[in-house]
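K.L.:
Taken in sequence, the protein lines are chains A and B. The opening residue of the first sequence carries number 36 in my numbering; numbering runs sequentially from there. The opening residue of the second sequence carries number -6 in my numbering; numbering runs sequentially from there.
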Amino acid sequence: DTAVSQTPKYLVTQMGNDKSIKCEQNLGHDTMYWYKQDSKKFLKIMFSYNNKELIINETVPNRFSPKSPDKAHLNLHINSLELGDSAVYFCASSRQSLAVPYEQYFGPGTRLTVT
Amino acid sequence: SQQGEEDPQALSIQEGENATMNCSYKTSINNLQWYRQNSGRGLVHLILIRSNEREKHSGRLRVTLDTSKKSSSLLITASRAADTASYFCATAYNDYKLSFGAGTTVTVRA
Chain A
36 DTAVSQTPKY
46 LVTQMGNDKS
56 IKCEQNLGHD
66 TMYWYKQDSK
76 KFLKIMFSYN
86 NKELIINETV
96 PNRFSPKSPD
106 KAHLNLHINS
116 LELGDSAVYF
126 CASSRQSLAV
136 PYEQYFGPGT
146 RLTVT
Chain B
-6 SQQGEEDPQA
4 LSIQEGENAT
14 MNCSYKTSIN
24 NLQWYRQNSG
34 RGLVHLILIR
44 SNEREKHSGR
54 LRVTLDTSKK
64 SSSLLITASR
74 AADTASYFCA
84 TAYNDYKLSF
94 GAGTTVTVRA
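(1) Would Ala134 (chain A) pass as an interface residue toward chain B - the criterion being a Cβ-Cβ separation below 8 Å?
(2) List the residues of chain B whose Cβ lies closer than 7 Å to the Cβ of Phe99 (chain A), in chain order.
(3) Rounded to the nearest angstrom, what separates Thr66 (chain A) and Ile91 (chain A) at their Cα positions?
(4) Please list, in chain order, the chain C residues whose beta carbon lies closer than 9 Å to that of Phe141 (chain A).
(5) Rounded to whole angstroms, what's the CA-CA distance from Gly94 (chain B) to Phe77 (chain A)? Just pull it up for me.
(6) Determine which residues share a DSSP beta bridge with Leu67 (chain B) and list them.
(7) Consult DSSP for Leu118 (chain A) and reduce its assignment to one of helix, strand or coil.
(8) Tell me whether Phe82 (chain A) counts as near the ligand MG, meaning its Cβ is closer than 7 Å to at least one heavy atom of that ligand.
(9) Using beta-carbon positions only, say whether Ser65 (chain B) and Leu54 (chain B) come within less than 8 Å of one another.
(10) Within 8 Å (strictly less), CB to CB, does Lys90 (chain B) reach chain A?
(11) Can you pull the chain A residues whose beta carbon is under 7 Å from the beta carbon of Asn23 (chain B), in chain order?
(12) Taking only the alpha-carbon atoms, compute the straight-line gap between Gln(-4) (chain B) and Ala83 (chain B) and give it to the nearest angstrom.
(13) Comparing C-alpha positions only, which one of A:Phe141, A:Gly119, A:Val135, A:Leu133 sits nearest to Met50 (chain A)?
(14) So what does DSSP say about Ala134 (chain A), is it helix, strand or coil?
(15) Does Gly96 (chain B) get closer than 8 Å to chain A when you measure Cβ to Cβ?
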């Protein structure tokens, strides 16, 4: 059984379009994350939800909007896509103890290419 | 920046040899974690070491933590081709976030 799944795995789209990436975890974790990994493999946290509450909102363009309908799902919607949005986006989940993150379980990633 | 920095950036070794990579950070941590990423895949958690621990083992992996030097090392013993991957350290503070370094790319030659 897949622990953290993301769809789609690949996304190729044109500038200006709006797209969504979906994430689901079946680990019973309370906390979910979105990361962006650039071409140099640098992994940057974007957002995190704990029990459907937004707890991390890094300096990310407001074209990016996360939505957590329940604690097992965290989706990422991107409006007006730009070339610089091309990257691999990872969803992750973990248990949380107060404000301390423990081991995170990552999805397989969504490779977004904006042309 | 609170992220860890790995050293070296890249490492090439022969199968059977040991691989060591280091991670340095700047401010006191709650815990430090190591992850592996195979090409085209998501990150996989390897080991978590708490700030009050000095060494942990998991199979062929050994992690040390020196809080006085603000550094950690990951040792992979008796490397195999399947160990070819990027390895990341991630530092955890009391701010909900893990901060990842840029990673060490390890290539194990047959």
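Note that CB positions come from ideal geometry on N, CA and C, so glycine has one too. Being a predicted model, the structure only gives us computed values, none of them experimental.
P.N.:
Looking at the coordinates:
(1) yes
(2) In chain order: nothing, as chain B lies at least about 17 Å away.
(3) 11 Å
(4) Here chain C cannot be found, since the structure's protein chains are A and B.
(5) 7 Å
(6) B:Met14, B:Val56
(7) helix
(8) No copy of the ligand MG occurs in the structure displayed, which carries no ligand at all.
(9) no
(10) yes
(11) Val135
(12) 7 Å
(13) A:Gly119
(14) coil
(15) yes
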